[in-house]
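So the structure is just underneath, and the comments pick up after that.
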Amino acid sequence: MASPGSHSPRVDSLVPALPSDAPADGLVRHVRRFFEIEALGGILLVACALTALIWANSPWRESYQALWQTRFGFEIGGFALFKPLLLWINDGLMAVFFFVVGLEIKREARVGDLASPRKAALPVLAALGGMAAPAGIYLLLAPGHSLAEVGWGVPMATDIAFALGVLLLLGKRVPLALKLFLTAVAIVDDIGAVLVIALFYTERIAWAALAAAALLFLALRLLHWLRVRRALGYAVLGALLWLAVLKSGVHATVAGVLVAMAIPVYRSLDTRAFLARSRAILDLFEGSARPEALDRPTIDQREAIRELELTCEHAETPLARFEYALHPWVTFVILPLFALANAGVSLDGGPMALLLDPVSLAIIGGLVLGKPIGIFGMSWLAVRLGLTELPEGLGWRQVLGASCLAGIGFTMALFIAGLAFGDGPYLDVAKVGILTASLIAALVGVTVLLTAKGSQDPSGTGGGA
1 MASPGSHSPR VDSLVPALPS DAPADGLVRH VRRFFEIEAL GGILLVACAL TALIWANSPW
61 RESYQALWQT RFGFEIGGFA LFKPLLLWIN DGLMAVFFFV VGLEIKREAR VGDLASPRKA
121 ALPVLAALGG MAAPAGIYLL LAPGHSLAEV GWGVPMATDI AFALGVLLLL GKRVPLALKL
181 FLTAVAIVDD IGAVLVIALF YTERIAWAAL AAAALLFLAL RLLHWLRVRR ALGYAVLGAL
241 LWLAVLKSGV HATVAGVLVA MAIPVYRSLD TRAFLARSRA ILDLFEGSAR PEALDRPTID
301 QREAIRELEL TCEHAETPLA RFEYALHPWV TFVILPLFAL ANAGVSLDGG PMALLLDPVS
361 LAIIGGLVLG KPIGIFGMSW LAVRLGLTEL PEGLGWRQVL GASCLAGIGF TMALFIAGLA
421 FGDGPYLDVA KVGILTASLI AALVGVTVLL TAKGSQDPSG TGGGA
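Residue numbers (this note's numbering): 1 to 465.
Printed below as a string of structure tokens:
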């Protein structure tokens with residue numbers, strides 16, 4: 001999936017390229033386009049994870065731990081909030097990540113692959129299988145100790161950036177239908193992850209703070225009802241909601257999804273009104289031109305440009321505009337920073353000892369085996385029962401390959417591991433299991449997809465491979 005901000009090939013073919021004002025502009029555009037490729041987000045995550053792993057096991061390991069434990073915050077009147085840098089990332093910046101996840105969920109539910117019950121059935125059922133099977137395998141393999149069993153939510157999560165990044169690296173070998181299928185599965189998976197975090201990894205509830213969060217959410221919905229489109233009101237109320245959820249005992253990242261649910265999905269101008277207004281503005285722009293100075297805009301042209309910008313804004317939904325603006329920050333700043341802060345695990349106890357720990361093996365089993373068993377198995381069963389059908393051009397071996405790639409847990413798995421194990425003895429073990437499982441899942445998924453050409457549909461239902 002191209003990042004928001006990337007250009008459509010169809011648009012590029014129909015619209016002349018923008019001129020360069022300087023020799024470096026062409027290079028800047030190429031670099032910007034490169035950074036807009038979704039696969040780069042996965043590459044950057046890998047680079048940050050490796051950096052964290054090397055740093056945490058280098059002679060400078062103490063500086064790694066000290067950096068993330070540095071405390072800072074603010075105090076207003078009698079209210080003070082000070083946290084280690086690690087928690088500002090995990091509780092604060094990751095709330096922005098979950099806000100973008102919430103926007104994606106809402107978009108898909110309104111106009112995407114989850115909007116139609118018939119189309120949504122396949123990814124929804126596949127995702128449910130892909131959450132239940134990993135959790136079941138984890139509980140089957142994990143030692144019978146409460147501290148270990150609490151990690152059942154870790155292998156349930158899929159890292160959509162990594163999984164889609166791997167798919168995109170395969171280029172035209174992968175049909176668009178498979179990318180859409182994996183995206184829809186991952187979005188439903190994200191819904192499950194949010195519910196797991198809210199319901200099962202909340203130790204205590206501060207009811208007064210939770211009531212304040214409920215009132216703030218109602219205030220956000222009021223902005224939606226009043227058709228407020230500006231970001232400022234949502235940002236202020238969203239920040240207060242984050243603070244209330246943080247103090248309630250529910251994990252603060254849940255606030256991001258709640259704010260996303262209040263963002264409007266309507267636009268002020270429909271297609272006909274947008275075209276009429278835009279043409280009138282362009283006519284004004286053309287009529288105000290001075291033949292002797294076409295490179296210098298007139299006052300009327302400047303005003304026309306501003307009006308055209310405002311018209312374009314009203315023809316777009318606030319949800320799409322916010323997602324467009326935040327997606328690059330999440331992909332290239334927040335998630336890499338999260339990986340850098342959380343992937344560092346000390347291997348002093350011996351990497352094999354950590355890898356062969358039952359908790360690590362349970363996570364590996366859940367992600368590497370549970371994800372494909374759950375996603376592929378539930379998909380095949382749903383099609384066989386006639387509940388849904390495979391998208392045209394999609395074959396079962398390709399579904400199997402995507403199911404294996406869904407075992408790349410990484411970001412979400414590390415996040416839930418931090419909630420499940422805290423600073424306990426199993427956290428480093430869980431990190432090793434997650435990193436190992438993600439690597440295995442990526443290699444197996446790529447191998448399956450590279451051999452998918454010419455495979456047959458075992459059920460006789462749906463497309464061939």
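Beta carbons: idealized from backbone N, C-alpha and C, even for Gly.
Considering lysine 83, what are the terminal residues of the beta strand (DSSP E) in which it resides? Note, lysine 83: beta strand (DSSP E), 79–84.
Pull up the distance between the alpha-carbon of isoleucine 364 and that of arginine 302, whole angstroms please. Taking the straight line joining both Cα atoms gives about 59 angstroms.
Which residue marks the beginning of the alpha helix (DSSP H) containing arginine 302, and which one marks its end? Counting along the chain, the alpha helix (DSSP H) containing arginine 302 begins and ends at 299–315.
Ordered along the chain, which non-local residues of its own chain (more than five positions away) have a Cβ less than 8 angstroms from that of tryptophan 60? Same-chain partners within the cutoff: there are none.
Enumerate in chain order the residues of its own chain whose CB-to-CB distance from alanine 24 is below 8 angstroms, with the five nearest sequence positions on each side excluded. Reliability fails at alanine 24, whose pLDDT of 48 lies under 50, so the model's placement of it is uncertain and the value that follows must be treated cautiously. Cβ neighbours of alanine 24 beyond the five flanking positions: none.
Answer with buried or exposed for glycine 386, where buried requires no fewer than 16 other C-beta atoms within 10 angstroms of its C-beta. In this structure glycine 386 is exposed. Its beta-carbon is surrounded by fewer than 16 other beta-carbon atoms within 10 angstroms.
Kindly indicate which residue of Leu258, Trp329, Ala56 has the alpha-carbon position closest to the one of leucine 216. Closest option to leucine 216, Cα to Cα, is Leu258.
Rounded separation between alanine 133 and leucine 367 - CA only: In a straight line, the C-alpha of alanine 133 is about 9 angstroms away from that of leucine 367.
Measure the alpha-carbon distance for leucine 335 versus methionine 156 and round it to whole angstroms. If you take the alpha carbons of leucine 335 and methionine 156, they lie about 19 angstroms apart.
Collapsed DSSP secondary structure at glutamate 292 in the structure displayed: Helix at glutamate 292.
Check for me: the alpha helix (DSSP H) holding phenylalanine 322 runs from which residue to which? Here the alpha helix (DSSP H) through phenylalanine 322 covers 318–329.
Own chain residues within Cβ distance below 6 angstroms of phenylalanine 98, not counting five before or after: Answer for phenylalanine 98: Thr253, Gly256, Val257, listed in chain order.
Can you tell me the Cα-Cα spacing of aspartate 189 and glutamate 307, whole angstroms? For aspartate 189 and glutamate 307, the distance between alpha carbons rounds to 41 angstroms.
Of the listed residues Val432, Gly445, Thr451, nearest to valine 154 (C-alpha basis): Answer by Cα proximity: Val432.
Would you mind giving the Cβ-Cβ distance between alanine 49 and alanine 382, rounded to the nearest angstrom? I have them listed as a contact below 8 angstroms. Not a contact, Cβ separation roughly 34 angstroms.
For phenylalanine 322 and histidine 224, what's the separation of their Cα atoms in angstroms? Taking the straight line joining both Cα atoms gives about 14 angstroms.
Does the pairing of the region 179–188 with the region 397–407 give three or more beta-carbon distances under 8 angstroms? Three or more Cβ pairs drawn from the region 179–188 and the region 397–407 lie within less than 8 angstroms of each other, which places the two stretches in contact.
Beta-carbon separation (whole angstroms), tryptophan 152 vs alanine 135, contact threshold 8 angstroms: With 8 angstroms as the limit, tryptophan 152 and alanine 135 qualify as a contact, their Cβ atoms being about 5 angstroms apart.
Are phenylalanine 338 and leucine 93 closer than 8 angstroms when you measure CB to CB? The criterion of a C-beta distance shorter than 8 angstroms is satisfied by phenylalanine 338 and leucine 93.
Can you tell me which of the three DSSP states arginine 279 falls into? Under the three-state reduction of DSSP output, arginine 279 falls in the helix class.
Nearest-angstrom Cα distance between leucine 53 and alanine 442? For leucine 53 and alanine 442, the gap between their C-alpha atoms comes out near 19 angstroms.
Can you give me the C-alpha to C-alpha distance between valine 28 and leucine 169, rounded to a whole angstrom? Only weak support exists for where valine 28 lies, its pLDDT of 46 falling under 50; the value from the coordinates is given anyway. It is roughly 23 angstroms from the alpha-carbon of valine 28 to the alpha-carbon of leucine 169.
Tell me, please, whether the region 236–249 touches the region 200–213 by the rule of three or more beta-carbon pairs shorter than 8 angstroms. At 8 angstroms Cβ cutoff, the stretches touch.
Quick check: glycine 129 and glycine 424, are their CB atoms within less than 8 angstroms of each other? With a cutoff of 8 angstroms on beta-carbon distance, glycine 129 and glycine 424 are scored as not near each other.
Cα-Cα, which of Val236, Ala325, Ala262 is closest to arginine 221? For arginine 221, the closest C-alpha among the options Val236, Ala325, Ala262 is that of Ala262.
Euclidean distance between Cα positions of aspartate 300 and glutamate 286: For the pair aspartate 300 and glutamate 286, the Cα-to-Cα distance works out to about 10 angstroms.
Could you say if the region 271–284 and the region 105–123 meet the contact criterion of at least three C-beta pairs nearer than 8 angstroms? Cβ pair count under 8 angstroms is below three, so no.
What would DSSP say about isoleucine 205, mapped onto helix, strand or coil? Judged by DSSP in its simplified three-state form, isoleucine 205 adopts coil rather than helix or strand.
Taking the straight line between their C-alpha atoms, what separation do you get for aspartate 348 and glycine 42? For aspartate 348 and glycine 42, the gap between their C-alpha atoms comes out near 28 angstroms.
Buried or exposed (CB count within 10 angstroms, at least 16 for buried), tyrosine 266: It counts as exposed.
Glycine 374 to leucine 232, Cα distance in whole Å? Cα-Cα distance, rounded: 42 angstroms.
Do threonine 317 and proline 264 count as a contact pair if the criterion is CB distance below 8 angstroms? Yes; because the gap between Cβ atoms is below 8 angstroms, this pair is in contact.
Look at the Cβ atom of leucine 45, then the Cβ atom of phenylalanine 410, and state whether they are nearer than 8 angstroms. For leucine 45 and phenylalanine 410, yes; Cβs fall inside 8 angstroms.
Beta carbon of leucine 326, beta carbon of valine 96: below 8 angstroms? Yes, the pair counts as a contact, with Cβ atoms nearer than the cut-off.
Keeping to the same chain, check which residues put their C-beta closer than 8 angstroms to that of arginine 296; ignore five residues upstream and five downstream. The answer, listed in chain order, is Arg290.
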